[in-house]
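Undergrad: Sending over a structure as structure tokens; questions will come in a sec.
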Amino acid sequence: MIQRKCHAVCYWDLCSVFRLLLLFTQICFIFCRKELILSGTLNPLKDLHLGKLALTKFPKSPETWIHRRWVLQQLIQENSLPSLATKGNLGAAPVERIHRLVQEEMNVCSEAAGRYPSNYNAWSHRIWVLQHLAKLTVKVLLDELSSTKYWVSMHVSDHSGFHYRQFLLNSLIRRTVTDKNILVQKQVVNEQNPSPQKEEESAGTEAACAEEQSVDLPSRLDEEMELCSELIDNYPGHETLWCHRRCVFYLQQHLSNELPLVNTSVSSVDSSDESLNNSHHSPAASHLAQAMDVDGLNESSSKHGYTQETKRLKRAPVQDSLGPEMEYQFVDKVLSTCRDVDQARFATAYRKWLVTFLGQ
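Numbering of the sequence shown is given in UniProt numbering, commencing with residue 1 and proceeding in unit increments.
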């Protein structure tokens, strides 16, 4: 009898201890590993590998992503990066090691995004990596646009994935336009105050900006709009695609009419921040935040078909594709052919947004 009571008490105590461990083990475990990394006992790369394994079970864990960013910050510090010497990267230059880190993080984010739909934490971490490790170079932005194209085509309802592509397009525009403006300003200053040293610096700046200026931004946006059109036709009734189309069309109008850019970027995502800081938008961007739901359908807009003129416009030069008339014709084509109620509702909402946006 006494043994049974003691066994019951011990079992109850053991269960209570396990409950406490489940509540506090993860936080304590992370802090312990941070201390081991700072003391040099634990290799940060091994900790990243353990975190990768943890994300296969809990792909949306904010604590794991935050700790991962902290570890990456330790790796990119000037006093720790040159001293890294493991079996996988012996003798590699710092630039090569950073490139390997970026590639590994892209793979980790892709796997986590595939395991959990609309994995906001994984995509925000991917943006952080581009900002702090890859430095948002044009080559990396273009590579990411290419590598994520197939992924979003297979996940047409993933808002976070399409938001990532919006971030890439927005960053590409900011990078090319901003660098071009800086180059022009430096050229003006050098003309006013010529000196041999400034001329050398100007030559270096021109070489650095050559890649940015060679990017055909209108063609990139036109390709993105073509992708969006194909996905809308093939996968009707997905609100994500129509929201993405709004952003791409806005960016096209920005290039042609010099509208303010939409703030789809992350202003600061650090080790203590598990979400994207995307709460500050420009006034003109408020049109993109309008709800897609509408009260009714526009009956008159559904009577126009998808004519050969529309196909001609799609094959026309970029300046023609930037016109709003093509968008109206695309909506008319969708409304006249679709049988999905949600597709018709989203198309009508998009038409109303076009009228409001273009009439501002």
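Built from N, CA and C at the ideal position, the CB exists for glycine as well.
#1: Can you tell me whether DSSP reads threonine 137 as helix, strand or coil?
#2: Going by alpha carbons, who is nearest to residue 392 out of Asn107, Leu142, Val102?
#3: Relative to the C-alpha of glutamate 220, which candidate in Trp242, Arg115, Lys135, Leu251 has its C-alpha closest?
#4: On the premise that valine 331 lies in contact with alanine 344, defined as a C-beta separation below 8 Å, what is that separation, rounded to the nearest angstrom?
#5: Taking only the alpha-carbon atoms, compute the straight-line gap between proline 62 and glutamate 144 and give it to the nearest angstrom.
#6: Count the C-beta pairs between the segment 334-343 and the segment 229-242 that are closer than 8 Å, then say yes if the count reaches three, no if not.
#7: With serine 124 as the anchor, note down where its alpha helix (DSSP H) starts and where it stops.
#8: With a CB to CB cut of under 6 Å and the five nearest residues on each side skipped, what residues in its chain are close to leucine 322?
#9: For threonine 64 versus leucine 55, is the C-beta spacing smaller than 7 Å?
#10: DSSP three-state label for histidine 155, please.
#11: Taking Cβ positions, are cysteine 109 and arginine 126 nearer each other than 7 Å?
#12: Rounding to the nearest angstrom, what Cα-Cα distance links lysine 57 and glycine 237 in this structure?
#13: Work out the CA separation of valine 138 and threonine 176 for me, nearest whole Å.
#14: Do the CB positions of serine 118 and histidine 159 come within less than 7 Å of each other?
#15: Do cysteine 228 and arginine 245 have their C-beta atoms closer together than 7 Å?
#16: Should tyrosine 164 go down as buried or exposed, given a rule of 16 or more other Cβ atoms within 10 Å for buried?
#17: Can the beta-carbon of leucine 133 be found closer than 7 Å to that of leucine 172?
#18: Could you tell me the alpha carbon to alpha carbon distance between aspartate 47 and arginine 33, rounded to whole angstroms?
#19: Rounded to whole angstroms, what is the Cα-Cα separation between lysine 149 and threonine 41?
#20: With 16 other CB atoms within 10 Å as the buried threshold, where does proline 44 fall?
#21: Can you tell me where the alpha helix (DSSP H) holding leucine 231 begins and where it ends?
#22: Determine the burial state of isoleucine 37: buried for a count of at least 16 other Cβ atoms within 10 Å of its Cβ, exposed for fewer.
#23: At the level of alpha carbons, what is the spacing between tryptophan 242 and glutamate 104?
#24: Could you name the residues of the same chain whose beta carbon sits closer than 6 Å to that of glycine 51, not counting the 5 residues immediately before and after it, in chain order?
#25: Rounded to whole angstroms, what is the Cα-Cα separation between leucine 169 and serine 39?
#26: Where does the unbroken alpha helix (DSSP H) through glutamine 73 begin, and where does it stop?
#27: Can the beta-carbon of serine 147 be found closer than 7 Å to that of threonine 240?
TA: By the coordinates alone:
#1: Translated into positions along the sequence shown, residue 137 becomes position 137. In the structure shown, threonine 137 sits in coil (DSSP, three-state: anything other than H, G, I, E or B).
#2: In the structure as shown, the chain begins at 1 and stops at 360. Residue 392 is therefore absent and cannot be evaluated.
#3: Within the sequence shown, residue 220 is the residue found at index 220, counting from 1. Contrary to the premise, residue 220 reads as arginine rather than glutamate in this sequence. With distances taken between Cα atoms, arginine 220 lies closest to Leu251.
#4: As a first step, residue 344 must be located in the sequence shown, where it is residue number 344. As a first step, residue 331 must be located in the sequence shown, where it is residue number 331. That belief does not hold up - the Cβ atoms of alanine 344 and valine 331 are roughly 10 Å apart, past 8 Å.
#5: To locate residue 62, count along the sequence shown from 1; it is residue 62. To locate residue 144, count along the sequence shown from 1; it is residue 144. If I take the Cα positions, the gap works out to 23 Å.
#6: yes
#7: By one-based count along the sequence shown, residue 124 stands at place 124. Unbroken alpha helix (DSSP H) run through serine 124: 120-132.
#8: Counting from 1 along the sequence shown, the entry for residue 322 is found at position 322. Note that leucine 322 has pLDDT 47, beneath the 50 cutoff, so the model's placement of it is unreliable and the number below is only indicative. Within the same chain, Gln252, Ser256 come within 6 Å of leucine 322 by CB-CB distance, once the 5 residues on both sides are set aside.
#9: As a first step, residue 64 must be located in the sequence shown, where it is residue number 64. As a first step, residue 55 must be located in the sequence shown, where it is residue number 55. Contact: yes.
#10: On the sequence shown, position 155 is the one that residue 155 refers to. In the structure shown, histidine 155 adopts coil according to DSSP, grouped into three states.
#11: Working through the sequence shown from its first residue, we reach residue 109 at position 109. Working through the sequence shown from its first residue, we reach residue 126 at position 126. Their beta carbons are under 7 Å apart, which means cysteine 109 touches arginine 126 by this criterion.
#12: For this step, residue 57 is matched to residue 57 along the sequence shown. For this step, residue 237 is matched to residue 237 along the sequence shown. Rounded to the nearest angstrom, the two C-alpha atoms are 31 Å apart.
#13: For the purposes of this step, residue 176 is taken as residue 176 along the sequence shown, with counting starting at 1. For the purposes of this step, residue 138 is taken as residue 138 along the sequence shown, with counting starting at 1. Answer to the nearest angstrom: the Cα atoms are 8 Å apart.
#14: On the sequence shown, residue 118 is found 118 positions in, with the first residue counted as 1. On the sequence shown, residue 159 is found 159 positions in, with the first residue counted as 1. One thing to note: serine 118 has its Cβ within 7 Å of the Cβ of histidine 159.
#15: Against the sequence shown, residue 228 aligns to sequence position 228. Against the sequence shown, residue 245 aligns to sequence position 245. Remark: C-beta atoms of cysteine 228 and arginine 245 approach each other more closely than 7 Å.
#16: Counted from its first residue, the sequence shown places residue 164 at position 164. Flag for tyrosine 164 reads buried.
#17: Counted from its first residue, the sequence shown places residue 133 at position 133. Counted from its first residue, the sequence shown places residue 172 at position 172. No, they are not a contact pair.
#18: Along the sequence shown, one-based indexing puts residue 47 at 47. Along the sequence shown, one-based indexing puts residue 33 at 33. Whole-angstrom Cα-Cα distance: 8 Å.
#19: Position 149 of the sequence shown, counted from the first residue, corresponds to residue 149. Position 41 of the sequence shown, counted from the first residue, corresponds to residue 41. Distance between the alpha carbons of lysine 149 and threonine 41 is about 41 Å.
#20: Numbered from its first residue, the sequence shown carries residue 44 at position 44. With 16 or more Cβ atoms within 10 Å of its Cβ, proline 44 is classed as buried.
#21: By one-based count along the sequence shown, residue 231 stands at place 231. From DSSP, the alpha helix (DSSP H) with leucine 231 extends over 217-234.
#22: Start at 1 with the first residue of the sequence shown, and residue 37 comes out as number 37. Buried: at least 16 other Cβ atoms inside 10 Å.
#23: The residue you call residue 242 lines up with position 242 of the sequence shown. The residue you call residue 104 lines up with position 104 of the sequence shown. Straight-line Cα distance between these residues: approximately 32 Å.
#24: Your numbering for residue 51 matches position 51 in the sequence shown. Counting only Cβ-Cβ distances below 6 Å, and skipping sequence neighbours, we find Thr64, Arg68.
#25: For the purposes of this step, residue 169 is identified with residue 169 of the sequence shown, where counting begins at 1. For the purposes of this step, residue 39 is identified with residue 39 of the sequence shown, where counting begins at 1. Those two C-alpha atoms are separated by around 41 Å.
#26: Start at 1 with the first residue of the sequence shown, and residue 73 comes out as number 73. Its alpha helix (DSSP H) spans residues 62-75.
#27: Taking the sequence shown and counting its residues from 1, one reaches residue 147 at position 147. Taking the sequence shown and counting its residues from 1, one reaches residue 240 at position 240. The answer is no: Cβ separation not under 7 Å.
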